[in-house]
Amino acid sequence: LGRREQEMEVLRIRCRELESEQERLLEKSSPAQGALPQAAGMACASETCSPECPSFDLCRKRVLIVGGLSRMEESYRSFVEGRGGIFEYHDGRLHGGGKRLENSFKRADVVLCPVNCNSHGACLLVKSLGKKHKKPVHMLPGFGLSTVSRAMAENAN
Numbered sequence: 004l005g006r007r008e009q010e011m012e013v014l015r016i017r018c019r020e021l022e023s024e025q026e027r028l029l030e031k032s033s034p035a036q037g038a039l040p041q042a043a044g045m046a047c048a049s050e051t052c053s054p055e056c057p058s059f060d061l062c063r064k065r066v067l068i069v070g071g072l073s074r075m076e077e078s079y080r081s082f083v084e085g086r087g088g089i090f091e092y093h094d095g096r097l098h099g100g101g102k103r104l105e106n107s108f109k110r111a112d113v114v115l116c117p118v119n120c121n122s123h124g125a126c127l128l129v130k131s132l133g134k135k136h137k138k139p140v141h142m143l144p145g146f147g148l149s150t151v152s153r154a155m156a157e158n159a160n
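When the letters of the sequence shown are read in order and numbered with my numbering, they come out as residues 4 to 160.
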């Protein structure tokens with residue numbers, strides 16, 4: 004127990020050192036650099052979004068993510084909603100039918116489907132629903148936020 008308490012104290016000291024280093028680096032950065040992350044996550048409050056809006060590319064678009072890891076759902080939600088989008092998630096399980104997936108699909112503006120976390124049947128259904136409903140579908144090679152971010156950037160362009 005005493006050894007664990009010593010280890011905890013060492014970690015607390017290291018944490019304080021890292022926090023002070025972070026503060027020092029933030030003080031050195033330019034004001035524009037500090038404002039950029041805040042502006043990138045701002046959502047548009049107006050009814051009509053213009054190109055000047057920091058979230059113009061995703062503003063009020065409904066993004067459906069099919070599959071991926073269930074534990075990542077909150078991260079996906081934070082990512083999409085933090086950029087002004089509306090998030091919807093389907094776990095990719097078809098449970099004998101795809102009606103619930105199709106209903107979500109109809110509401111979506113953009114559909115993302117990580118292929119490494121879905122069955123072949125779910126991936127095929129997503130592709131066919133994309134053609135049927137004329138929705139942009141991005142089949143992603145992975146489930147990470149960086150992969151989702153790249154797909155959203157491609158969709159915006």
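Glycine included, each C-beta is placed from N, C-alpha and C at the ideal position.
- Leaving aside the five residues that flank phenylalanine 108 on each side, the residues in its chain whose CB is nearer than 7 Å to its CB run, in chain order, Leu67, Val114, Leu132, His136, Lys138.
- With a cut-off of 8 Å on Cβ pairs, the region 148-156 is not in contact with the region 120-132, counting fewer than three such pairs.
- Distance between cysteine 62 and arginine 19, taken at the CA atoms: about 38 Å.
- If the five residues before and after tyrosine 92 are omitted, its C-beta is found closer than 7 Å to the C-beta atoms of Ile68, Glu76, Tyr79, all from its own chain and listed in chain order.
- Shown here, histidine 123 sits in a helix according to DSSP, grouped into three states.
- Cysteine 126 is positioned such that its CB atom lies no closer than 8 Å to that of glycine 71.
- In the three-state scheme derived from DSSP, where H, G and I count as helix and E and B as strand, arginine 103 is classed as helix.
- Counting along the chain, arginine 80 sits inside the alpha helix (DSSP H) bounded by residues 76-84.
- The beta carbon of glycine 101 sits closer than 6 Å to those of Leu128, all from its chain and outside the five residues before and after it, given in chain order.
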